[in-house]
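These protein sequence lines map, in sequence, to chains A and B. Residues 6 to 120 (our numbering) are what the first sequence spells out, left to right. Residues 7 to 262 (our numbering) are what the second sequence spells out, left to right. Even glycine gets a Cβ: it sits at the ideal position worked out from N, Cα and C. Beneath this line is the structure, given in structure tokens, with notes to follow.
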Amino acid sequence: MSARATVLGALAIAAALPAWAQRPASALELFVQRDKGYCIACHQLPAGSGPASTSDLGPRLEGARMRALGKAAIRAVIADPTVANPSTVMPPFGRHRILDAKEIDRLVEFLDALP
Amino acid sequence: MRFPSAGALALALAATCAVAAPDAVRKEIADRVQAQLPQGASVDEVAPDADALVAAGQKLWIAKFKDKASLAGCFPNGGRRIVAGYPQYDARLKRVVTLEMAINQCRKAHGEALYEPTDPATMGAVLAYVRSLSNNMKMAVRVPAAAEPRFEQGRRMYFTRMGQRNFACASCHLQDAGKNFDGVALSAAVGQATHWPEIRAGVPVTLQARIRECLELMGAAPFAAGSDELNDVEYFLSYLSNGLPLRANVQRTKAE
């Protein structure tokens, strides 16, 4: 490969990077990434819905329980759980801008759809 | 209509306003941890690669300064069996003096460059050695009356929510001690100060370096190692561990 072709290839990769970097994180990525929800550190998911964990600071996230709560309540808890429970350890993901509104919405849909 | 008794009011006020004596604070927290975790939260193991580190620390400990003094000469009995009493309160400075700070005070007094408080190759190695000279001694940190504001400041820091994640140290290490965070059992406040530096893959990690890692995870800008803020937290935590055996150079495999 010529030097020119190498440079062109590198430029093409560089041009593609911003589009890749801006891809919104999936709900599961939001759930596991340290700089996002990092929910996996405290909660367990039903088998097959994501990485297995032994975390138990928060309750297991069973789909039936999520649907009983309802999307509005789940959204409110993620945005600021201290409203309902001032002594909770759970971070206020919305109030402290750890997650934006769209990211919270994606997590709400993900939790609502759990088995 | 019933009114709360004066005694109940006094208790409620004491809980919210008054600064409790260090001994009462320690007893209350120790009782709570004992009730939550009667079997303890963690298992310490002697690090298999601590020998080389201790030997490196010994070299630095006995090395002669330019003025022929040494770290060993700055401490009573060459540093043997002194560590369980650290941190100490310096009434003249009105500050908490950690072992790291005392080591650097010695170097400064003899015109030597200070060690970085969390540098594994110097301070970490020296701590690994000098703490090995106090292995299994019971922690015996004193909080004289003049030092109670520093202890209280450390307690307050430990219980204050900080950073983007809105955690307090106590959120994880008291409220949820023993539970699993990302697959790791959370250590309890009582006993957290007994075993530093902890050895990770041969590298010594000081207590304050570990607290700084926690602060990063909490989404807070960490206080500097050696700052009064972290010294006060270390003072508070060390006092909570009084009576527990000091463990030199362990690796923790079961808890953080």
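{"query": "Closest to Asp85 (chain A) by C-alpha separation, out of A:Asp117, A:Glu114, A:Arg102, would be which residue?", "result": "A:Arg102"}
{"query": "At what residues does the alpha helix (DSSP H) containing Ile109 (chain B) begin and finish?", "result": "105-115"}
{"query": "State yes or no: is the C-beta of Val196 (chain B) within less than 7 Å of the C-beta of Val60 (chain B)?", "result": "no"}
{"query": "List, in order along the chain, the chain B residues whose C-beta lies closer than 7 Å to that of Leu104 (chain A)?", "result": "Result: empty, since nearest Cβ-Cβ is about 11 Å, beyond 7 Å."}
{"query": "Hey, could you find the ends of the alpha helix (DSSP H) Asp96 (chain B) is sitting in?", "result": "Not the alpha helix (DSSP H): Asp96 (chain B) falls in the beta strand (DSSP E), residues 94-96."}
{"query": "Which of the three DSSP states, helix, strand or coil, is assigned to Val147 (chain B)?", "result": "coil"}
{"query": "Determine the extent of the beta strand (DSSP E) in which Val89 (chain B) is found, giving its start and end residues.", "result": "Val89 (chain B) -> no beta strand (DSSP E), and no H or E assigned at all."}
{"query": "Strictly by DSSP, which residues pair up with Ile83 (chain A)?", "result": "Per DSSP, none; premise fails for Ile83 (chain A)."}
{"query": "Please classify Cys23 (chain B): does DSSP put it in a helix, a strand, or coil?", "result": "Bear in mind that a pLDDT of 42 at Cys23 (chain B), under 50, signals an unreliable position, so the model cannot answer this."}
{"query": "May I ask you to report which of helix, strand or coil DSSP gives Glu118 (chain B)?", "result": "coil"}
{"query": "Quick one: what's got a C-beta closer than 6 Å to Arg171 (chain B)'s C-beta in the same chain, skipping five residues either side?", "result": "Met224, Gly225"}
{"query": "Quick one, which residues of the segment 56-71 of chain A are near chain B if we go by CB-CB under 9 Å, in chain order?", "result": "Ser58, Thr59, Ser60, Asp61, Leu62"}
{"query": "Please look up how many angstroms separate the CB atoms of Ser60 (chain A) and Phe187 (chain B), rounded, as I've assumed it's under 8 Å.", "result": "6 Å"}
{"query": "Evaluate Asn255 (chain B) with the Cβ neighbour count: other Cβ atoms within 10 Å of its Cβ, from every protein chain shown; 16 or more gives buried, anything less gives exposed.", "result": "buried"}
{"query": "Among B:Arg253, B:Gln257, B:Glu240, which one has its Cα closest to the Cα of Gly160 (chain B)?", "result": "B:Glu240"}
{"query": "Restricting to Cα atoms, I'd like to know which of A:Phe36, A:Ala77, A:Arg80, A:Ala81 is closest to Ser54 (chain A).", "result": "A:Phe36"}
{"query": "Whole-angstrom Cβ separation of Ala176 (chain B) and Ala194 (chain B), contact assumed at under 8 Å?", "result": "Contact doesn't hold; Cβ gap of about 10 Å is too wide."}
{"query": "With H, G and I counted as helix, E and B as strand and the rest as coil, what does DSSP make of Phe242 (chain B)?", "result": "helix"}
{"query": "How far does the alpha helix (DSSP H) with Arg38 (chain B) in it reach, from first residue to last?", "result": "28-42"}
{"query": "Determine the DSSP secondary structure at Phe36 (chain A), reduced to helix, strand or coil.", "result": "helix"}
{"query": "Check distances from the C-beta atoms of the segment 90-104 of chain A to those of chain B and list, in chain order, the residues that come in under 8 Å.", "result": "Ser92, Val94, Pro96, Pro97, His101, Arg102, Ile103"}
{"query": "Name the two residues that bound the continuous beta strand (DSSP E) containing Ile205 (chain B).", "result": "204-206"}
{"query": "With a cut-off of 7 Å, does the C-beta of Ala81 (chain A) fall near any C-beta of chain B?", "result": "no"}
{"query": "Taking only beta-carbon atoms, is Ser247 (chain B) less than 7 Å away from chain A?", "result": "no"}
{"query": "According to DSSP, what are the bridge partners of Asn186 (chain B)?", "result": "B:Ala191"}
{"query": "Tell whether a beta-carbon distance below 7 Å holds between Lys185 (chain B) and Leu62 (chain A).", "result": "yes"}
{"query": "How big is the Cα-Cα spacing for Ala62 (chain B) and Thr166 (chain B)?", "result": "38 Å"}
{"query": "Smallest Cα separation from Ala69 (chain B): which of B:Glu235, B:Val209, B:Cys112?", "result": "B:Cys112"}
{"query": "Distance check for Cys47 (chain A) and Ala199 (chain B), CA to CA, integer angstroms please.", "result": "25 Å"}
{"query": "Check whether chain A comes within 7 Å of Phe187 (chain B), counting only Cβ atoms and requiring the distance to be less than that.", "result": "yes"}
{"query": "Let me know the secondary structure DSSP gives Met129 (chain B) once reduced to three states.", "result": "helix"}
{"query": "For my contact list, Ala311 (chain B) and Tyr95 (chain B) are in at a C-beta cut-off of 8 Å; report their separation, rounded to the angstrom.", "result": "Absent from the model: residue 311 (chain B). The displayed extent of chain B is 7 to 262, so no value can be given."}
{"query": "Which residues of chain A have a Cβ atom closer than 7 Å to the Cβ of Ser177 (chain B), listed in chain order?", "result": "Val94"}
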